[in-house]
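Undergrad: After the structure tokens below, expect a handful of questions from me.
Numbering (my numbering), first residue to last: 498 to 864.
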């Protein structure tokens, strides 16, 4: 029998030892424990799938929220630009500017003729139209011109102050919008962190509970195994059946007969048949184990592909968020630069600072 066992190909001597063990072959395996382990594995897989689905839904939710906030910001910016353009079209027309009298195309058509009559105050010595001597109305005319210039300056100052107030109000509204967007982003991030912490805590509690259950099962199994070993040792030592006492098989009726209820031996043919059946069982079990290894390999590969796809999706979401934040920062920087250039241009264009020579030049020539 030992020679036959040595000829059987087997990569696991421990498994062969268990197969040839009469106790193991008679009692069998604990199917309830195996079923419980399979159910626990299914529960763990279902929990992992539920957790992955929860993360996927959370990612989609934050992505939708960011998209909605970006759309709202674009609409507000579009409305602000539309209102600015409408204000320019309605309030900043050409005929309301202070240079309109100098640049209007029909200015020559509206000018008065060179001479209206003999009492025309515009006629001077160089006109060769009137030679009455000194112009007595020059002082009044100069005073009226000075008053008109002062009124123009006050009007332009009021318009500029109104424009500054409107621009300041627009800047305040834009700052409030940026502050509101930052608040929404912080709120969304806080909610995401809270959800992640809750999921991590639930996972830790579940793992802790599983570890405790496993420890209790292992302890109970060890105790049961210890009791069974002690009982088996006791039965082996004290039982005539377990010691296979040959005297028990002898029949009192004849020396050539044996008692079937105490029979302890088999023929070579019966032993060979048992060995053949055992070898067949070994081959079948080996084939089942190979199939299980193949299935486990396929399952592990599928799980790896799913995990990699989830990681790639999370990376794309992070890259999209970074791109959106960089774009918003770039737009804000560009707006600040445009505002600085506009302020600088307006400050250099509309100074409205008049020197005393501007008021004293009237009436000093024939123009």
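Backbone N, C-alpha and C define an ideal beta-carbon position, used for all residues, glycine too.
Please state whether DSSP places residue 609 in a helix, a strand or coil.
TA: Taking the first residue of the chain shown as 1, we reach residue 609 at position 112. Residue state, collapsed to three classes: coil.
Undergrad: How many Å lie between residue 587 and residue 573 at the Cα?
TA: Taking the chain shown and counting its residues from 1, the one referred to as residue 587 is at position 90. Taking the chain shown and counting its residues from 1, the one referred to as residue 573 is at position 76. If you take the alpha carbons of residue 587 and residue 573, they lie about 21 angstroms apart.
Undergrad: Can you give the Cα-Cα distance for residue 819 and residue 600, rounded to whole angstroms?
TA: If you number the chain shown from 1, residue 819 lands on position 322. If you number the chain shown from 1, residue 600 lands on position 103. Taking the straight line from one Cα to the other gives about 51 angstroms.
Undergrad: Is the distance from the Cβ of residue 855 to the Cβ of residue 639 below 7 angstroms?
TA: Here the question's residue 855 lines up with position 358 in the chain shown. Here the question's residue 639 lines up with position 142 in the chain shown. Taking 7 angstroms as the Cβ cut-off, residue 855 and residue 639 do not qualify as a contacting pair.
Undergrad: Whose CA, out of 666, 797 and 786, lies closest to the CA of residue 509?
TA: Residue 509 sits at position 12 when you count from the first residue of the chain shown. Considering only alpha carbons, the answer is 786.
Undergrad: Flag this pair as touching only if the segment 681–701 and the segment 550–561 have three or more C-beta atom pairs under 8 angstroms; answer yes or no.
TA: A contact exists between the segment 681–701 and the segment 550–561.
Undergrad: Does the CB of residue 569 have a neighbour CB from chain D at under 7 angstroms?
TA: The chain inventory of the structure shown lacks chain D, comprising one protein chain alone.
Undergrad: Alpha carbon to alpha carbon, how far is residue 616 from residue 643?
TA: The sequence position of residue 616 within the chain shown is 119, counting from 1. The sequence position of residue 643 within the chain shown is 146, counting from 1. Those two C-alpha atoms are separated by around 23 angstroms.
Undergrad: Short check: CB of residue 685 to CB of residue 559, under 7 angstroms?
TA: Here residue 685 corresponds to residue number 188 of the chain shown, with the count starting at 1. Here residue 559 corresponds to residue number 62 of the chain shown, with the count starting at 1. Residue 685 is a Cβ neighbour of residue 559, given a cutoff of 7 angstroms.
Undergrad: Take residue 529 as the anchor and find which of 771, 718, 563 and 609 has the nearest alpha-carbon.
TA: Locating residue 529 in the chain shown gives position 32, counting from the first residue. Checking every option, the nearest Cα to that of residue 529 belongs to 718.
Undergrad: Taking the alpha-carbon positions, what's the residue 535 to residue 542 distance?
TA: As a working note, residue 535 is residue 38 in the chain shown. As a working note, residue 542 is residue 45 in the chain shown. The straight-line gap from Cα to Cα measures roughly 11 angstroms.
Undergrad: Out of curiosity, what's the CA-to-CA distance linking residue 590 and residue 584?
TA: The sequence position of residue 590 within the chain shown is 93, counting from 1. The sequence position of residue 584 within the chain shown is 87, counting from 1. Near 10 angstroms, if we compare the C-alpha coordinates of residue 584 and residue 590.
Undergrad: If you run the structure through DSSP and keep just helix, strand and coil, what is residue 754?
TA: Counting from 1 along the chain shown, the entry for residue 754 is found at position 257. Note: residue 754 maps to coil in three-state DSSP.
Undergrad: Identify, in the order they occur along the chain, each residue of the same chain with its Cβ nearer than 7 angstroms to the Cβ of residue 783, setting aside the five sequence neighbours on each side.
TA: Along the chain shown, read from residue 1 onward, the residue named residue 783 stands at position 286. Taken in chain order, the list of residues that qualify is empty.
Undergrad: Is it true that the CB of residue 595 sits closer than 7 angstroms to the CB of residue 653?
TA: Within the chain shown, numbered from 1, the residue matching residue 653 stands at position 156. Within the chain shown, numbered from 1, the residue matching residue 595 stands at position 98. Against a cut-off of 7 angstroms, the Cβ pair of residue 595 and residue 653 comes out as a contact.
Undergrad: Could you give the DSSP three-state label for residue 590: helix, strand or coil?
TA: Walking along the chain shown from the start, residue 590 turns up at place 93. Reduced to three states, the DSSP call for residue 590 is coil.
Undergrad: Tell me where the alpha helix (DSSP H) around residue 858 begins and ends.
TA: Working through the chain shown from its first residue, we reach residue 858 at position 361. Segment: none, residue 858 is in no alpha helix (DSSP H) and carries neither H nor E.
Undergrad: Between which two residues does the alpha helix (DSSP H) containing residue 598 stretch?
TA: Along the chain shown, one-based indexing puts residue 598 at 101. Looking at the DSSP string, the run of the alpha helix (DSSP H) that includes residue 598 is 597–600.
Undergrad: Determine the direct distance from the alpha carbon of residue 853 to that of residue 608, and round the result to whole angstroms.
TA: Within the chain shown, the letter at position 111 stands for residue 608. Within the chain shown, the letter at position 356 stands for residue 853. Roughly 28 angstroms separates the two Cα atoms.
Undergrad: Between residue 567 and residue 821, how many whole angstroms is the CB-CB distance? I'm expecting something under 8 angstroms.
TA: Counted from its first residue, the chain shown places residue 567 at position 70. Counted from its first residue, the chain shown places residue 821 at position 324. Right, the Cβ-Cβ distance comes to about 6 angstroms (below 8 angstroms), so this counts as a contact.
Undergrad: Shortest alpha-carbon distance to residue 698 belongs to which of 514, 537, 531 and 548?
TA: Numbered from its first residue, the chain shown carries residue 698 at position 201. The shortest Cα separation from residue 698 among 514, 537, 531 and 548 belongs to 548.
Undergrad: Helix, strand or coil: which one does DSSP assign to residue 866?
TA: The requested residue 866 does not occur in the structure, where the chain is confined to residues 498 to 864.
Undergrad: In this structure, how does DSSP classify residue 802 when only helix, strand and coil are distinguished?
TA: As a position in the chain shown, residue 802 is number 305, starting the count at 1. Three-state result, residue 802: helix.
Undergrad: I'd like the span of the alpha helix (DSSP H) that includes residue 706, first residue to last.
TA: Start at 1 with the first residue of the chain shown, and residue 706 comes out as number 209. Residue 706 -> alpha helix (DSSP H) spans 635–735.
Undergrad: Could you give the distance in angstroms between the alpha-carbon of residue 582 and the alpha-carbon of residue 611?
TA: Locating residue 582 in the chain shown gives position 85, where the first residue counts as 1. Locating residue 611 in the chain shown gives position 114, where the first residue counts as 1. Cα to Cα, the separation comes out at about 42 angstroms.
Undergrad: Which of the three DSSP states, helix, strand or coil, is assigned to residue 603?
TA: Locating residue 603 in the chain shown gives position 106, where the first residue counts as 1. Coil.
Undergrad: Whole angstroms is fine: what's the gap from residue 670's alpha carbon to residue 813's?
TA: Here residue 670 refers to the residue found at position 173 of the chain shown. Here residue 813 refers to the residue found at position 316 of the chain shown. The straight-line gap from Cα to Cα measures roughly 33 angstroms.
Undergrad: Can you give, in chain order, each stretch of the alpha helix (DSSP H) that sits fully within the segment 782–849 and has at least 4 residues?
TA: none
Undergrad: Please report the Cβ distance between residue 826 and residue 678, rounded to the nearest whole angstrom; I am assuming they are in contact, meaning their Cβ atoms lie under 8 angstroms.
TA: Your numbering for residue 826 matches position 329 in the chain shown. Your numbering for residue 678 matches position 181 in the chain shown. The Cβ separation is near 12 angstroms, so there is no contact.
Undergrad: With a 10 Å radius around its C-beta and 16 neighbouring C-beta atoms as the bar for buried, classify residue 620 as buried or exposed.
TA: Residue 620 sits at position 123 when you count from the first residue of the chain shown. That one is buried.
Undergrad: Tell me whether the beta-carbon of residue 516 lies closer than 7 angstroms to the beta-carbon of residue 775.
TA: Along the chain shown, read from residue 1 onward, the residue named residue 516 stands at position 19. Along the chain shown, read from residue 1 onward, the residue named residue 775 stands at position 278. Closer than 7 angstroms, so yes.
Undergrad: So for residue 575, helix, strand or coil by DSSP?
TA: By 1-based counting over the chain shown, the position of residue 575 is 78. If DSSP states are grouped into helix, strand and coil, residue 575 belongs with the helices.
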